[in-house]
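Undergrad:
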Amino acid sequence: MREWWVQVGLLAVPLLAAYLHIPPPQLSPALHSWKSSGKFFTYKGLRIFYQDSVGVVGSPEIVVLLHGFPTSSYDWYKIWEGLTLRFHRVIALDFLGFGFSDKPRPHHYSIFEQASIVEALLRHLGLQNRRINLLSHDYGDIVAQELLYRFKQNRSGRLTIKSLCLSNGGIFPETHRPLLLQKLLKDGGMLSPILTRLMNFFVFSRGLLQYINQRKKFRRRWVGALASVSVPIHFIYGPLDPVNPYPEFLELYRKTLPRSTVSILDDHISHYPQLEDPMGFLNAYMGFINSF
């Protein structure tokens, strides 16, 4: 065991030394354009990046997009235009610690805080009293579950959710298979600061992966919210996903949420269906939205 840690240390030290002397990568033209077309709002002194596009004139429909780990709102760029043809407002944010939003350190990142940031953004946009369609992926699925729980409690200041569409998220801890990097980072152990520093091209922050532990701790709260609300719920699934493996995940999902509908994409689609098969993903979502 000691030899293994020594080998990791010998590898990490030169990598870290090299990384510290490498300047941050330049944004691609597409990412630069994405950032330039977005805006920031302030949540408790922290800058949060978001996109807000006006689509169909006269439609009351609003969709809010919640991205996954370890990426950003840019995950949705391939289906963005298609969404604007159906919805009046298409809104997405970079969660705290992700994308162009602030990445405070040290900071106790939590799903609860991310959900509160979504609520704060909609208040900032004057949409807190509107019915919202949520479309989420991966990490965003867990945030959506917390928002759904708050909606179920019927407390003032919470979102009014019209529909929820999840995609390739580990909503069940027992079927979630985190990648090795996620396992190493989630506990904040000795390797976590090194790996974080090496991997953090505007993406990683220490403690972000605490959501894996939070999901286990609050399983009853979050899975219970999905099972007990009456709003339409749909799941878009890339079946080649190594994080949420087929068929175990799908069997548990259908058993736990028999009223939810499911779209299974082509066999070769994996963990990022909105990027791997944007047309299939968009068609599946539109089929769901137009069904109620």
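According to mature numbering (1 follows the signal peptide of the UniProt record, and there is no 0), the stretch in the sequence shown is residues -18 to -1, 1 to 274, in order.
Glycine residues also receive a C-beta, built at the ideal position from the N, C-alpha and C atoms.
Using 8 angstroms as the threshold, is the stretch 137 to 149 in touch with the stretch 69 to 84, meaning 3 or more CB pairs across them?
TA: Contact between the stretch 137 to 149 and the stretch 69 to 84 is absent, because fewer than three Cβ pairs lie under 8 angstroms.
Undergrad: Suppose the cutoff is 6 angstroms on Cβ atoms and the five residues either side in sequence are ignored; what does the same chain contact list for Leu247 look like?
TA: Excluding residues within five positions, the ones whose Cβ falls inside 6 angstroms are Gly220, Pro255, Asp259, Gly262.
Undergrad: Would you call the stretch 223 to 231 and the stretch 18 to 32 in contact, with 3 or more CB pairs under 8 angstroms?
TA: No, the stretch 223 to 231 is not in contact with the stretch 18 to 32.
Undergrad: Pull up the DSSP beta-bridge partners for Gln196, would you.
TA: Gln196 is not bridged to any residue.
Undergrad: Mind pulling the alpha helix (DSSP H) runs of 4 or more residues that sit fully within the stretch 6 to 35?
TA: Correct list: 11 to 19.
Undergrad: Restricting to runs no shorter than 4 residues, where is the alpha helix (DSSP H) found entirely within the stretch 195 to 237?
TA: DSSP runs (the alpha helix (DSSP H)) wholly in the stretch 195 to 237: 201 to 210.
Undergrad: Based on DSSP bridge pairs, tell me the residues matched to Thr243.
TA: DSSP lists His216 as partners of Thr243.
Undergrad: Can you check whether the C-beta of Leu13 is within less than 9 angstroms of a C-beta belonging to chain B?
TA: No chain B is present in this structure, which holds just one protein chain.
Undergrad: Considering only DSSP beta bridges, list what Asn115 is partnered with.
TA: For Asn115, which the question treats as bridged, DSSP gives the partners Val45, Ser145.
Undergrad: Where does Val125 sit, in a helix, a strand or coil, going by DSSP?
TA: Val125 falls in the helix class under three-state DSSP.
Undergrad: Using the C-alpha atoms, what's the distance from Leu75 back to Val185?
TA: Interpretation of Val185 is limited by its pLDDT of 41, a score under 50 that renders its predicted location unreliable; the figure taken from the coordinates is listed afterwards. Cα to Cα, Val185 sits roughly 14 angstroms from Leu75.
Undergrad: Going by Cα to Cα distance, which pick from Trp62, Tyr131, Gln192 is closest to Val211?
TA: Of the listed residues, the one whose Cα sits closest to Val211 is Tyr131.
Undergrad: Give me the residue from Lys237, Ala266, Ile271, Ile124 with the minimum Cα distance to Lys198.
TA: If we check each option's Cα against that of Lys198, Ile124 comes out closest.
Undergrad: Counting along the chain, where does the beta strand (DSSP E) carrying Leu75 start and finish?
TA: Run containing Leu75: 71 to 75, per the beta strand (DSSP E) assignment.
Undergrad: Give me the Cα-Cα distance between Ile44 and Pro86, rounded to the nearest whole angstrom.
TA: Approximately 30 angstroms, taken between the alpha carbons.
Undergrad: Do you know offhand how far Pro7's Cα is from Phe82's?
TA: One C-alpha to the other measures close to 14 angstroms.
Undergrad: Out of curiosity, what's the CA-to-CA distance linking Phe80 and Ser54?
TA: Their backbone Cα atoms lie some 6 angstroms apart in a straight line.
Undergrad: Could you say which of Lys134, Leu117, Lys144, Ile215 lies nearest to Leu48 if we only look at CA atoms?
TA: Taking only the C-alpha atoms, the option nearest Leu48 is Leu117.
Undergrad: So, at 7 angstroms on beta carbons, what are the nonlocal neighbours of Val213 in its own chain, with the 5 sequence-adjacent residues on each side left out?
TA: Excluding residues within five positions, the ones whose Cβ falls inside 7 angstroms are Ile143, Lys144, Ser145, Leu146.
Undergrad: From Gly27 to Arg105, what distance separates their C-alpha atoms?
TA: Going by the C-alpha atoms only, they are around 16 angstroms apart.
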